[in-house]
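Per this note's numbering, residue 114 is the first one in the sequence shown, and the count goes up by one each step.
Ideal placement from N, C-alpha and C gives every residue a C-beta, glycine not left out.
Reviewing the structure listed below.
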Amino acid sequence: MKVKNYCSNCQSVHEAEESFCPQCQSRLQALKADDPVLLCKANTTIAMMLEPLLKEAQIPYSKISKLGAAMVIRAGNLLEEYTFYIPASKLEEANKLPPVWEQ
Ligand SMILES: [Zn+2]
């Protein structure tokens, strides 16, 4: 596996040649296997397709909800947006999943 760099501010992965994050200009660190990496942002529909895939592939993930629970009840589920994080060591496996989210 190629050496990669990691932005702890954006939870994003970058090529090793880059020293600073192109998004936030933070200094990058060497990527560690257990660093949480941003996989994707997903609405409710995509999240419902993605979660079984991650479980089936045995990829541990964190799903962070953008809206609060009260907002979801008022607006309905469809406006909800989730952000999925996975450990860096599982990134290659996650990229082999069917692309239910926009990559
Ligand atoms: Zn960054």
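In this structure, Asp147 is the residue among Asp147, Glu215, Tyr119 with its C-alpha nearest to the C-alpha of Tyr174. Secondary structure note for Ile159: its alpha helix (DSSP H) is the uninterrupted segment 157 to 169. In this structure Ile177 is exposed. Its beta-carbon is surrounded by fewer than 16 other beta-carbon atoms within 10 angstroms. In the assembly as shown, Lys203 is a buried residue. Its beta-carbon has 16 or more other beta-carbons within 10 Å. With respect to the 7 angstroms criterion, Tyr119 and Leu144 are classified as neighbours on the basis of their beta carbons.
The C-alpha of Lys168 is placed about 16 angstroms away from the C-alpha of Tyr195. Rounded to the nearest whole angstrom, the C-alpha separation of Ile199 and Ser132 is 22 angstroms.
Look at Asn122: its beta carbon is less than 6 angstroms from one of the heavy atoms in ligand 1.
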